[in-house]
Structure formats: C-alpha cells, structure tokens
Amino acid sequence: MDQRVALVSGANKSIGFEVVRGLAKLGMIVYLGSRDEANGARAAAELKADGDVRFIQLDVSNENSMVQAISHIEREHAQLDVLVNNAGIVQW
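Take 940 as the starting number for the sequence shown in our numbering and just add one per residue.
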C-alpha cells in the first residue's frame, strides 16, 4: 500500500499544527497548509523530526489558492487520503 497523504489547512499554529504532528507520527505524508509562507515554512521545518511534513501555501478564502494546492498534491501523489479543514473564514 502506498503511503497515505494528508492536507491540513490553517496548520502553522495551534490545533492545526498538532494535527499535522499527529498525522506525521502515524507515517503519513502531511501537507501543512498556511496562507503565510514564512510561518508555514517555519512550522513545517519544526515538524520535520516527526515525519514527512511539507509546507504548501493555501488560503482557503481564495478559490485559486485551493485549486493550486490540490493540483500540486494530485501531480505529486495522485491521491489525497485525509483532508482536515482547520482554517476558518470570517466574512462581515
């Protein structure tokens, strides 16, 4: 069986960060989604010791950003086994 692939949005801190850690420890390839490139890359680097964690720029309030992220994962792995929608959107 191929290694499972996960994507966690809003994952550069707090709950999302810990979800990424847990999935990585289970042996999954985990994409840490964050709209902030610097903080997302820092968080992914911090979690590298826990497993295969990769930063991917993802802004769930931007449809194009979501399409680009999913397209990248499909090109690399042809699958997405776990999706954790941790990021939220507030509209006024």
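Note that CB positions come from ideal geometry on N, CA and C, so glycine has one too. Just so it is clear, the structure is predicted and the values come from calculations on it, not from any experiment.
Residue i - DSSP class collapsed to helix/strand/coil
i    : result
I968 : strand
A950 : coil
F956 : helix
G979 : helix
Q942 : coil
Pair within 8 Å by beta-carbon distance, residue i and residue j
i     : j     : result
A980  : V992  : no
N978  : N1001 : no
R960  : Q996  : no
L1019 : V947  : no
G972  : A1008 : yes
N1025 : V958  : yes
Candidates the options: closest to residue i by CA position
i     : options                 : result
G990  : N1001, S973, V999, I968 : I968
L962  : R974, Q942, Q996        : Q942
A988  : A1008, V999, L965       : L965
L986  : Y970, D998, N1024       : Y970
V1029 : M1005, D998, Q1007      : D998
task: Return the chain-ordered ranges of every beta strand (DSSP E) run that is complete within the segment 986–1030 and spans a minimum of 3 residues.
output: 991–996, 1021–1023
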